[in-house]
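Chains as they are written, first to last, in UniProt numbering: chain A, 1 to 642; chain B, 1 to 776. Notes follow once the structure below has been shown.
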């Protein structure tokens with residue numbers, strides 16, 4: 001594998017924000033997730049939970065609820081507007097003021113014709129979904145107090161609304177009101193089942209089952225002393241899950257108490273504890289329970305009884321980091337650009353001239369140094385950023401504009417804005433090595449990749465002269481593949497495009513010959529090792545060793561890997577993680593055991609891994625422990641023996 | 001040597017009553033539990049033992065009510081039989097011979113005429129695998145029936161009876177073992193297995209410990225070693241089964257039981273807290289804490305009005321359904337070792353040994369009942385592993401039972417040994433021992449022996465210790481001051497810095513012998529003069545005993561090098577010695593006899609002899625396996641009149657001993673057994689009314705009224721019983737005071753029993769008086 005001097009960087013204080021709302025589209029198997037900072041993420045559950053799209057948030061634009069109407073995604077928040085998103089261009093399409101004060105919830109009817117919102121002023125407003133937008137239809141009977149939660153009856157004729165101390169059932173056609181009363185609580189969520197049973201969860205820690213016809217309480221389950229914040233029902237209405245402030249998810253199942261009889265009742269069954277903080281959002285997707293909350297991670301807890309055998313979907317998944325890069329590196333200038341939603345930070349790496357054995361910690365000659373703190377302009381959050389490898393250029397993009405800066409970092413640090421243009425670069429960015437412009441500058445530029453349906457095309461966006469952006473459509477199309485690419489890179493010498501997909505497949509495409517390379521075909525023929533294919537997290541970056549053109553460097557959250565194309569490919573029988581074995585072998589025996597994949601797991605919680613020009617590695621880690629320690633304190637729970 | 005067949009070694013009293021789950025009868029009046037080789041029937045209200053159902057010849061391993069007749073009960077035993085009893089009358093109805101070592105028994109109302117028993121897979125005692133088999137009881141009039149037909153239901157079950165339970169209406173049976181739960185449906189003849197993932201790699205032991213099925217709904221509750229309770233539902237499907245988890249216990253859940261209506265679930269474990277969970281509202285629970293010791297079993301009466309819990313300290317607590325303790329049935333508390341000697345309290349004639357941690361228990365051997373506990377350490381006991389706490393290691397009574405001396409010690413790993421010597425005086429008013437003097441650190445090292453002087457003039461206590469000294473403690477009389485008398489050290493002695501191992505007073509208290517390793521020294525306790533030294537090397541002296549009565553001139557000693565020596569104190573010379581590895585030498589305080597327990601090749605032999613002659617009166621080879629460390633001669637309440645030579649030594653006293661497995665055993669002679677048999681026949685009353693002592697009084701009266709009718713018709717047939725032999729008097733004196741009817745009621749009967757009725761007329765008078773008194 002070779003020995004490297006490693007810069008182990010831990011000063012990137014990346015902090016994901018809490019998950020606020022979720023909505024699952026069973027038809028397209030996409031999960032939309034809203035965070036507290038207003039960003040929306042779309043995960044493709046058919047494609048190994050890959051984070052397909054990220055729409056960055058905006059200041060003072062928090063989201064309280066999300067809903068899918070067909071393939072369209074709507075959100076509403078306390079700013080009082082309904083927003084629809086453009087999922088192609090990853091930006092809000094339009095926002096519509098609802099004139100009801102802060103909106104607490106938005107929900108679509110099962111037929112997909114209307115959305116209903118619950119407002120601070122006590123109104124439930126119905127909007128008709130049209131092709132070009134939504135249109136206000138009417139208000140249901142206005143109530144005292146805010147509407148916290150809404151749930152449509154599957155027939156679409158009734159809506160249950162959770163309010164302060166109260167649950168109301170509205171007839172959608174006439175606007176009439178029936179009610180169930182609970183006491184001095186906030187009804188956080190309601191779920192309306194097709195047999196007119198209403199589940200409610202409230203701030204008193206109860207999940208209550210109501211008869212929706214008569215408005216009578218059927219059963220109370222006291223789950224916790226704290227709030228029960230989220231409820232979700234499975235599609236076949238045999239299971240309801242509730243998320244509590246203690247971080248537990250409790251399942252209720254519709255079970256016959258006597259096995260011979262048909263009569264069923266709701267019974268509290270399993271409890272899952274995968275969170276340390278409040279569970280704010282919860283979705284039951286049939287084969288799994290997806291939960292997220294204050295501790296910022298997205299947890300997919302599979303329901304093992306739904307699986308016949310062990311497979312990728314039957315394992316517990318925790319998604320901590322975004323499936324993209326937040327760090328750019330200038331290989332020549334030894335600079336790191338760290339991207340936050342609100343600012344960029346430029347760091348110079350430390351230096352050391354010491355030598356030591358593998359595993360030693362070398363003394364630092366110069367400490368790492370924060371050179372620059374660049375605050376973004378405007379309300380929109382940064383969606384991507386890039387740094388040229390010489391360290392002379394810096395670019396970032398928000399949903400509304402792209403900015404390019406000239407950097408000087410030699411003696412006195414200076415930054416000058418070169419260019420600002422409207423437009424958006426989307427979430428994909430990777431620096432390409434050289435492009436010679438008319439000015440004779442070696443510019444290192446972001447490339448935007450867009451995954452449109454199944455075709456993959458590469459667009460180069462080059463801020464060309466001082467005032468306009470030229471778009472180049474590259475002259476070839478890569479053959480389509482079912483899974484979304486999670487990382488790609490163009491080889492500096494051979495101009496081969498290496499792509500790693502969310503299902504962990506690796507392709508190498510020769511841009512010159514417009515076809516897959518021989519190595520890629522061989523790899524596809526032989527197939528990848530099962531241990532490689534069963535890894536949890538997608539590869540987030542591909543880079544190359546400038547000194548050794550055969551080596552491709554990849555990394556995901558838990559490992560980094562060097563693929564040596566000159567070595568034989570491993571088959572299913574070979575030991576895949578063979579670094580320890582190799583170490584114990586003698587020099588003569590080693591070559592017979594070598595294979596192309598060299599995996600290193602010494603660094604965990606990896607955000608970024610780059611190879612500098614002087615053959616030293618930069619590894620940016622963000623330990624999960626450090627993230628957890630910055631979270632607010634969880635609700636106090638009595639622990640036994642404390 | 002002679003072997004005698006007329007004397008048997010028997011379990012008498014002190015057996016475990018917490019071995020298996022007790023059963024409450026359907027009218028909640030009796031509680032049945034297996035106790036050693038018999039089944040005991042206790043009254044739930046008075047805690048008294050009503051019947052002792054004897055017949056099994058090995059450990060009773062399970063008791064269940066007969067589901068088709070609620071006045072009958074089945075019991076199974078390791079002897080391979082199942083017996084059907086009428087427990088109200090104490091009659092053995094039938095014996096079913098199965099010929100397998102039976103570990104537990106289960107019945108269900110739906111399966112009439114079928115018993116389910118757990119037997120080893122292979123018919124060997126050492127087998128590790130067990131199966132649940134159905135036993136179809138043959139219909140036959142014979143009292144002893146051989147059962148031929150056994151059909152296996154479940155293979156590889158746990159021998160623990162708590163791990164098998166019948167479901168709703170007997171439609172399925174659930175059994176748990178290790179990490180697997182198996183549910184067998186009788187109708188479909190199909191079983192479903194559910195297994196848990198092992199938590200061992202996370203340091204959690206989540207294996208199943210116990211199981212209970214909901215009586216009305218299809219829900220199985222299982223207890224786990226990590227303290228969790230799981231409620232399984234939907235278990236008639238391979239995949240879609242589900243369970244919920246309850247967690248309160250911090251350690252293994254020992255037992256679980258649903259109440260008959262299924263509204264509550266009871267659970268218990270080492271915390272000695274009974275937890276009552278509300279079914280379907282599991283976060284509401286009631287607790288009954290401070291039950292004294294770890295709960296091992298829970299039973300619920302069929303009407304749900306009573307619960308009972310068995311505890312690790314051989315106790316059964318009867319609890320009302322309002323979660324209040326109503327009665328406690330306490331057996332002999334046996335820890336894994338007895339630190340004190342077995343002793344007899346001279347006043348109550350009770351057996352005294354250490355019981356609960358830090359306590360001495362007083363146990364009545366005749367009534368097989370614990371009388372009371374005396375808190376010696378007087379510190380709260382902390383239920384936690386690895387905490388060193390004070391333990392009672394020595395205790396001694398003086399001859400009249402006025403004084404009790406106890407030694408408690410605590411040894412912590414890092415610190416020094418802490419010893420307290422406590423002296424307790426008997427308080428006539430409170431009828432118990434009251435602490436008089438506490439001596440902290442009476443010696444610098446462990447106390448090896450302690451005895452009171454039997455002489456009536458002085459109250460003298462002698463202690464010997466490993467620090468090389470013996471100390472004499474005297475009761476100093478402070479008659480001039482206000483303070484009451486207290487104990488103080490009178491004399492400290494030693495012998496060549498040797499470590500004394502044992503001490504013994506002669507029967508009159510005039511001589512005191514110490515064993516200083518190889519040397520026996522004899523002292524005069526009045527002048528503290530060393531009178532003589534005796535020695536018979538090699539080997540250190542282990543036990544010393546003075547002879548009694550006609551043999552008081554002899555001193556016997558045993559040494560570690562297999563020597564039993566007898567010295568004549570008049571000549572100060574060795575009278576005789578024999579090579580024997582005597583582990584325990586015990587003198588009978590009521591005769592000249594001595595008992596020597598010799599351990600030989602893994603088992604123990606007993607020799608009973610008189611010191612005057614080296615010839616055993618009685619010997620028994622291979623008494624039990626292992627070494628006998630503790631034994632005691634207990635006085636008989638009634639003398640035996642055995643004339644046979646070999647059993648004469650048992651006439652005045654009875655020898656009890658503790659085996660390696662902490663079983664209290666004794667010897668019974670033929671005459672004694674005959675007498676017992678006679679008394680049990682006498683108790684056999686042909687009536688449906690339960691035999692309580694109260695009944696015996698009232699019922700007898702009824703009988704006598706009938707007799708009176710007969711007498712009137714035939715006055716010549718009248719007999720005149722002697723007052724001493726009158727059963728009424730016996731009952732009156734034997735019955736505990738709290739179960740007796742009011743004194744006014746008894747008075748007339750008592751007076752009548754004293755009357756020597758010479759004619760039918762006087763008898764009639766007495767009856768008339770009785771009739772007058774009754775309404776008042």
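Ideal Cβ positions, reconstructed from N, Cα and C, are used throughout, including at glycine.
Tell me the residue span of the beta strand (DSSP E) that contains residue i.
{"i": "residue 72/B", "result": "69 to 77"}
{"i": "residue 422/B", "result": "417 to 427"}
{"i": "residue 224/B", "result": "220 to 224"}
{"i": "residue 577/B", "result": "573 to 578"}
{"i": "residue 823/B", "result": "The shown model of chain B, from 1 to 776, leaves out residue 823/B, and the question about it has no answer."}
{"i": "residue 35/A", "result": "30 to 35"}
Would you list the one or two residues that DSSP bridges to residue i?
{"i": "residue 393/A", "result": "406/A"}
{"i": "residue 790/B", "result": "With chain B represented from 1 up to 776, any question about residue 790/B goes unanswered, as that position is not in the structure."}
{"i": "residue 600/B", "result": "603/B"}
{"i": "residue 179/B", "result": "Answer is none; residue 179/B lacks a bridge partner."}
{"i": "residue 287/B", "result": "275/B"}
{"i": "residue 325/A", "result": "Its beta-bridge partners do not exist; DSSP assigns none."}
{"i": "residue 497/A", "result": "490/A and 509/A"}
{"i": "residue 649/B", "result": "Its beta-bridge partners do not exist; DSSP assigns none."}
{"i": "residue 450/B", "result": "463/B"}
Just tell me which of the options has its CA closest to the CA of residue i.
{"i": "residue 784/B", "options": "146/B, 245/B and 83/B", "result": "Absent from the structure is residue 784/B, since the part of chain B shown begins at 1 and ends at 776."}
{"i": "residue 266/B", "options": "292/B, 237/B, 323/B and 233/B", "result": "323/B"}
{"i": "residue 350/A", "options": "254/A, 371/A and 193/A", "result": "371/A"}
{"i": "residue 367/B", "options": "240/B, 15/B and 270/B", "result": "15/B"}
{"i": "residue 249/B", "options": "227/B, 263/B and 237/B", "result": "227/B"}
{"i": "residue 485/A", "options": "534/A, 540/A and 516/A", "result": "540/A"}
Report the three-state DSSP secondary structure of residue i (helix, strand or coil).
{"i": "residue 493/B", "result": "strand"}
{"i": "residue 122/A", "result": "coil"}
{"i": "residue 104/A", "result": "strand"}
{"i": "residue 569/B", "result": "coil"}
{"i": "residue 253/A", "result": "strand"}
{"i": "residue 734/B", "result": "helix"}
{"i": "residue 521/B", "result": "strand"}
{"i": "residue 674/B", "result": "helix"}
Does the beta carbon of residue i fall short of 7 angstroms from some heavy atom of the ligand MG?
{"i": "residue 469/B", "result": "With respect to small molecules bound, the structure shown includes none, and the ligand MG cannot be examined in it."}
Could you check where the alpha helix (DSSP H) with residue i kicks off and where it finishes?
{"i": "residue 593/A", "result": "590 to 593"}
{"i": "residue 743/B", "result": "743 to 754"}
{"i": "residue 518/A", "result": "518 to 526"}
{"i": "residue 583/A", "result": "579 to 584"}
{"i": "residue 630/A", "result": "624 to 630"}
{"i": "residue 530/A", "result": "530 to 533"}
What residues of chain D sit near residue i, judged by a beta carbon separation below 7 angstroms?
{"i": "residue 259/A", "result": "Looking at the structure shown, chain D is missing, and the protein chains on hand are A and B."}
Counting only runs that start and end within the segment 34 to 122 of chain B, where is the beta strand (DSSP E) found for 3 or more residues in a row? 38 to 43, 49 to 54, 60 to 66, 69 to 77, 81 to 86, 91 to 97, 104 to 106 and 114 to 120
Could you give the uninterrupted runs of the beta strand (DSSP E) lying entirely in the segment 604 to 642 of chain B, keeping only those of 3 residues or more? 616 to 625 and 630 to 635
Complete beta strand (DSSP E) runs within the segment 131 to 171 of chain B (minimum length 3 residues, chain order): 144 to 146, 150 to 157 and 164 to 166
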